[in-house]
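Student: Before I ask anything, let me first share the structure, which is written out below as structure tokens.
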Amino acid sequence: MIARIATILFFLQFLQGQGVVQNTQAPKIILRGITFSITFSGEFGPNGPYTLSCNGSHYDPTEISPEQIVFNDLVMLQNDDVNLDLLQGGTSIHQLTIQSIPAWVSILPPLIAIILAFLTRSIVPALFTAIWFGAWSVNGLTVSGSFTGLLESFHVYVLNTIVDRDHAIITLFTFMLGGMVGIIYKNGGMHGIIHHLIKWANTPKKGQISIWIFGIVVFFDDYSNTLIVGNTSRMLCDKLRISKQKLAYIVDSTSAPIATIAVITTWIGFQVGIISDSVADIPQLSGSAYLLFLHSIPYSFYPFLAIFLVGLVVTTGRDFGPMVKAELNARQYQSITSKEQTDTNISVGDLTVKKNIPYRAINAVLPILTLVTTMVYFIFSSGEGNNLKEILGSADTFTALMHSTLLSALVAAGLSIGQRILTLNETFEAWYGGLKFMVMGMLVLILAWALADISKELHTADFIVASLGETIPMSILPATIFIIAAVTAFGTGSSWGVMAILMPLVIPLCWAVMENNGGAGPENYHILYSTIACVLTGSVWADHCSPISDTTILTSMASGCELMEHVRTQLPYAIIAGIVALVLCTIPAGFGLPWWVLLGLGATSLALFIKTFGKSIDN
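Here the sequence shown is numbered in our numbering, starting from 223 and rising by one per residue.
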């Protein structure tokens, strides 16, 4: 009896010192040769030491506490599954096995989406196939994993995308904005704007200039810019025989670029936030993250040059590449001039104008002004702080989008019903018609988001960064980061996702490269500023080239242009602006040349290119 009691007491003492794992944070799949981390949560006693056995290799914890043990910088090089065993004093307390795949597999899903999109000119099957392959990869590329991946493509990745709060807000915002646009189409407000614009914009050139200026004025958000300018300008383009491809190019190449460099946009809080997190562990960079961002703006060469190139194209009337044919075809269409023709012929899907009503621009201007002013108000009212950086960093921009679009739709409905232009039922039908116009685009956007989630689970960005290595000369670091950001964003289709992933890696890497080269001083801060800018602008440039980019998708949807046609016709403009920004601006900036000299050089080069290779459509 005494022996039994002693045994029980010994066992209880043993258990008190034994660690207990309650939860494990580990990657679903491990890329061979790419570092990964794993975190064990639970109750861990003082008895140790704690080590992690990984296929025979032993690692010491990076962080340890009574509630958590963290292991960083783990790597698997063999072609085997990863057997992980948490040891306490040499005794196993928790085991798990994770499948591994070759690292290069992580870039295949976005490549599949891009290749199939170009080959089939059908983005939905391309995206879903890519998601399926990505889910299959997460399941280890096994035979059974192919079927499991097919099911998870829908009920895991697409579902998670839909239920994500921020994604749901963007979806509702888009639908509500589409509904508002449907109302101001139906009540003749859009026609009223066109009738006013046509007094000056009575030629294709003037029409394009007005759209370009409109895109710059609506600077506060890229989504809002795309949807407002695109939807508002479609009828003007029909009137003046401007191609939908040209409209999509003007809209796309002003929306994200202007949102990137303007100092008060929905982007800024996000950008400053990730910069702040990235410099937290660098004591030498103790200043304001917002100031770092402001210093990086002059080195954002691509957004400036992209907007400038649009201005050159629309003011000179010269185009190049596939856009020439698109514009020539548009000019051959019969111009719509009479009110009767406008009433009967102009429609975009379910967006139509009611017959025999007055065309009053105020019925479109007031809802749009309501959208802009209320959005600015809600952004600032939801933020807290003593300066602009703190306010924007803490503002709930997504909620601001929801509130502003709801109020703008209500204003549009109130004007229509109050003036007895539309009945209540007609107003609702108009709103629903505008909403339906957004459905296909939102389907594509949801699939693009799901693909971005797959890319995160497969650590696509980690593979790209790891493949680069850390032996980069300081002078070419900004250009290198521009290329990495561009490649990653092109593959994932998400500029914000790339910014969030790369910025925490790039800023410490930049500082380490500067220190290794003896240049971690104020005299070389232009390297840091340019590197920060290149993460942001490289992502935007790739967005303009990628058919799976959310802004590209929204632009084609709002402009009434088929997606692959938009990509095909915009690509030459994005490529030439990107090459000039990289070769003539970003690379020389790394060697210390003044940004203003380089920006002037880039603008001059684009002007000479347009003059030499551009073709005058109207002449």
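From the three backbone atoms N, C-alpha and C, an ideal C-beta is built for every residue, glycine too.
As the structure is a computational prediction, the values presented were derived from the model and not from experiment.
(1) Look at Gln-317 and Asn-269 and say whether their C-beta atoms are less than 8 angstroms apart.
(2) Exposed or buried, what is Arg-387 when buried is set at 16 or more other beta-carbons lying within 10 Å of its beta-carbon?
(3) Helix, strand or coil, according to DSSP, for Lys-837 in the structure here?
(4) If we count the other Cβ atoms within 10 Å of its Cβ and call it buried at 16 or more, is Lys-461 buried or exposed?
(5) Select from His-413, Ile-256 and Ala-339 the residue whose C-alpha is nearest the C-alpha of Pro-666.
(6) What is the DSSP secondary structure of Asp-675, counted as helix, strand or coil?
(7) For Gln-506, name the three-state secondary structure that DSSP assigns.
(8) Going by DSSP, what residue range makes up the alpha helix (DSSP H) through Cys-767?
(9) Taking buried to mean at least 16 other C-beta atoms within 10 Å of its own C-beta, is Gly-743 buried or exposed?
(10) Taking one C-beta from the segment 323-336 and one from the segment 264-280 each time, how about it: are there three or more such pairs within less than 8 angstroms?
(11) Do Phe-376 and Ala-825 count as a contact pair if the criterion is CB distance below 8 angstroms?
(12) Is the segment 396-411 touching the segment 641-660 in the sense that three or more CB pairs, one from each, lie closer than 8 angstroms?
(13) Under 8 angstroms between the Cβ atoms of Thr-319 and Asn-301?
(14) Taking only the alpha-carbon atoms, compute the straight-line gap between Gln-467 and Ala-348 and give it to the nearest angstrom.
(15) Compute the Euclidean distance between the alpha carbons of Ser-768 and Gly-605, then round it to the nearest angstrom.
(16) How is Pro-324 classed by DSSP in three states: helix, strand or coil?
(17) Could you say which of Ile-639, Ser-518 and Val-546 lies nearest to Thr-186 if we only look at CA atoms?
(18) Could you give the residue range of the beta strand (DSSP E) that holds His-377?
(19) With a threshold of 6 angstroms on Cβ separation, who are the neighbours of Ala-652 within its own chain once the five nearest residues in sequence on each side are excluded?
(20) When burial is assigned at 16 or more other CB atoms within 10 Å of the CB, is Trp-818 buried or exposed?
(21) Hey, Leu-644 and Lys-577: beta-carbon distance below 8 angstroms or not?
(22) For the beta strand (DSSP E) holding Thr-273, just list the boundary residues, first then last.
(23) Any contact between the segment 424-437 and the segment 519-527? By contact I mean 3 or more CB pairs, one from each, below 8 angstroms.
(24) Distance check for Leu-394 and Tyr-751, CA to CA, integer angstroms please.
(25) On a Cα-Cα basis, can you pick out the residue from Leu-507, Leu-469, Ser-477 and Leu-516 that is closest to Asp-541?
(26) When DSSP builds the beta bridges, which residues end up paired with Asn-245?
(27) What does the Cβ neighbour count give for Ser-366, buried or exposed, with the cut at 16 atoms within 10 Å?
(28) Of all the alpha helix (DSSP H) runs that stay within the bounds of the segment 412-460, which reach a length of 4 or more residues?
(29) Can you tell me where the alpha helix (DSSP H) with Val-805 in it begins and where it stops?
(30) If you reduce the DSSP assignment to three classes, tell me which class Leu-680 lands in.
(31) Which residue's Cα is closest to the Cα of Met-725: His-748, Asp-684, His-389 and Ile-450?
(32) Return helix, strand or coil for Phe-542, following the three-state DSSP convention.
(33) Distance, Cα to Cα, Leu-330 vs Asp-444?
(34) What's the call for Arg-642, buried or exposed, on a 16-neighbour Cβ count within 10 Å?
(35) When you compare each of Trp-434, Asp-503 and Trp-326 to Thr-537 by their alpha carbons, which one comes out closest?
(36) Helix, strand or coil for Gln-317, going by three-state DSSP, please let me know.
Tutor: Answer, in terms of the structure:
(1) no
(2) exposed
(3) strand
(4) buried
(5) The identity of residue 666 in the sequence shown is Val, whereas the question assumes Pro. Looking at the Cα atoms, Ala-339 is the closest of the given residues.
(6) helix
(7) coil
(8) 747-767
(9) exposed
(10) no
(11) no
(12) yes
(13) no
(14) 22 angstroms
(15) 33 angstroms
(16) strand
(17) The shown model of the chain, from 223 to 841, leaves out residue 186, and the question about it has no answer.
(18) His-377 -> no beta strand (DSSP E), and no H or E assigned at all.
(19) Gly-404, Ile-405 and Lys-408
(20) exposed
(21) no
(22) 272-276
(23) no
(24) 36 angstroms
(25) Leu-469
(26) Ser-263
(27) exposed
(28) 426-439
(29) First-last for Val-805: undefined, no H or E at that position.
(30) coil
(31) Asp-684
(32) coil
(33) 29 angstroms
(34) exposed
(35) Trp-434
(36) strand
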